[in-house]
Amino acid sequence: MDFFYIIAGASVGFIIGLTGVGGGSLMTPLLVLGFNVQPAIAVGTDLLYAAITKSTGVWSHQKLKNINWSIVKDMSLGSIPGSIACITCIQYLGLSGEAFEQIISLTLGFMLILTSAVIVFKDVINKRFKRTHKAAPKRAVIIFLGVVLGVLVTLSSVGAGAIGSAILLLLYPSLKTRTIIGTDIAHAVPLTAIAGLGHFQLGHIDFTLLTSLLIGSIPAIYFGTMMGQKIPEKILKYIVASILLLIGLKFSI
Numbered sequence: 013m014d015f016f017y018i019i020a021g022a023s024v025g026f027i028i029g030l031t032g033v034g035g036g037s038l039m040t041p042l043l044v045l046g047f048n049v050q051p052a053i054a055v056g057t058d059l060l061y062a063a064i065t066k067s068t069g070v071w072s073h074q075k076l077k078n079i080n081w082s083i084v085k086d087m088s089l090g091s092i093p094g095s096i097a098c099i100t101c102i103q104y105l106g107l108s109g110e111a112f113e114q115i116i117s118l119t120l121g122f123m124l125i126l127t128s129a130v131i132v133f134k135d136v137i138n139k140r141f142k143r144t145h146k147a148a149p150k151r152a153v154i155i156f157l158g159v160v161l162g163v164l165v166t167l168s169s170v171g172a173g174a175i176g177s178a179i180l181l182l183l184y185p186s187l188k189t190r191t192i193i194g195t196d197i198a199h200a201v202p203l204t205a206i207a208g209l210g211h212f213q214l215g216h217i218d219f220t221l222l223t224s225l226l227i228g229s230i231p232a233i234y235f236g237t238m239m240g241q242k243i244p245e246k247i248l249k250y251i252v253a254s255i256l257l258l259i260g261l262k263f264s265i
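Residue numbers (this note's numbering): 13 to 265.
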């Protein structure tokens, strides 16, 4: 089965390189629906997978000066405590078994549907808010949205990339696209790492699975990025958004 996990990692890595869509929205549903991995194990493993794969991008974006570390800090002040609080609540309440799996599945479905909408309407949101919102947002708003994002990402492994970038688009419409992408990736790494370590504490990590996924995905992301220069981005994003919507509906029903 390890070979098939490597193929899965390569496939998702290639799509990430093509479209920029994060691993959580693609990898977690594939593990649950395609390989019958328990939702909690899929979420926990994918969080560490995302932290490792995205960390390679932080160095590149930092060299290009695409990261606004002040924004990363403010979002992290909300998202990381939110993630820790979520893990603590899971432990304190003793959530496990079928009921916990159902909570994860419903959250996963919601986040996939939300992510698909963000992908489709991101350009519209960007244009609208650039015209109507010029003032910098209040720090409390950034921190609060960070808390919400931290909880949802911890429960589903989805959203650190797509939803995080949507928040940045809404709050900082004047930022350049490359700065939004770099800042979003820089914020996603500590969030997914902390959430992943929390799931490790809960026993939700399959390290054999994680290793296989990384072996396939890391080189595939590079090739996907190269190929992405030749394929219209809009077509790819609509295809991915449609897939995420259908999968999200399946988890939600």
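The beta-carbon is built from N, C-alpha and C at its ideal position, and this holds for glycine as well.
- Task: Would you check if the distance between the CB atom of Gly25 and the CB atom of Ile233 is smaller than 8 Å?
- Result: The residue you call residue 25 lines up with position 13 of the sequence shown. The residue you call residue 233 lines up with position 221 of the sequence shown. In contact: Gly25 and Ile233 (Cβ atoms closer than 8 Å).
- Counting only the same chain and skipping the five closest in sequence on each side, list residues whose C-beta sits under 7 Å from that of Ile197. Within the sequence shown, the letter at position 185 stands for residue 197. Short of 7 Å from the beta carbon of Ile197, and not among the five residues preceding or following it, lie these beta carbons of its own chain, in chain order: Lys66, Gly69, Val70, His73.
- Task: Counting only the same chain and skipping the five closest in sequence on each side, list residues whose C-beta sits under 7 Å from that of Ile227.
- Result: Numbered from its first residue, the sequence shown carries residue 227 at position 215. Same-chain partners within the cutoff: Ile18, Gly21.
- Can we say the region 164-176 touches the region 200-212, given the rule of at least three CB pairs closer than 8 Å? The region 164-176 vs the region 200-212: in contact.
- Rounded C-alpha distance that separates Phe112 from Lys242: Here residue 112 corresponds to residue number 100 of the sequence shown, with the count starting at 1. Here residue 242 corresponds to residue number 230 of the sequence shown, with the count starting at 1. Computed Cα separation, rounded: 43 Å.
- Item | Ile28 versus Ser91 - alpha carbon distance | Along the sequence shown, read from residue 1 onward, the residue named residue 28 stands at position 16. Along the sequence shown, read from residue 1 onward, the residue named residue 91 stands at position 79. When the Cα atoms are used, Ile28 and Ser91 turn out to be separated by approximately 23 Å.
- Item | Status (buried if at least 16 other CB within 10 Å, exposed otherwise) for Phe263 | In the sequence shown, the residue the question calls residue 263 occupies position 251. Burial check for Phe263: the Cβ neighbour count within 10 Å reaches 16 or more, so the residue is buried.
- Could you tell me whether the Cβ atoms of Ser117 and Leu256 are closer together than 8 Å? As a working mapping, residue 117 is identified with position 105 in the sequence shown. As a working mapping, residue 256 is identified with position 244 in the sequence shown. Result no, Cβ atoms of Ser117 and Leu256 do not sit closer than 8 Å.
- Continuous alpha helix (DSSP H) assignments of at least 4 residues falling wholly in the region 167-191: Counting only unbroken stretches of 4 or more residues, the alpha helix (DSSP H) elements lying wholly within the region 167-191 are 174-183, in sequence order.
- Exposed or buried, Asn80, counting other C-beta atoms within 10 Å across all chains shown (16 or more means buried)? Here residue 80 refers to the residue found at position 68 of the sequence shown. With 16 or more other Cβ atoms within 10 Å, it is buried.
- Message: For Phe122 and Lys75, I'd like the C-alpha separation in whole angstroms.
- Response: By 1-based counting over the sequence shown, the position of residue 122 is 110. By 1-based counting over the sequence shown, the position of residue 75 is 63. Going by the C-alpha atoms only, they are around 35 Å apart.
- Message: Taking the alpha-carbon of Ala172 as reference, which of Ala63, Ser23, Phe15, Val49 has the nearest alpha-carbon?
- Response: Along the sequence shown, one-based indexing puts residue 172 at 160. Looking at the Cα atoms, Ala63 is the closest of the given residues.
- Message: In the DSSP assignment, the alpha helix (DSSP H) including Ile217 goes from what residue to what residue?
- Response: For this step, residue 217 is matched to residue 205 along the sequence shown. Where Ile217 is concerned, there is no enclosing alpha helix (DSSP H), given that its DSSP letter is neither H nor E.
- Message: Helix, strand or coil, according to DSSP, for Leu76 in the structure here?
- Response: The count along the sequence shown starts at 1 and reaches residue 76 at position 64. Correct three-state label for Leu76: coil.
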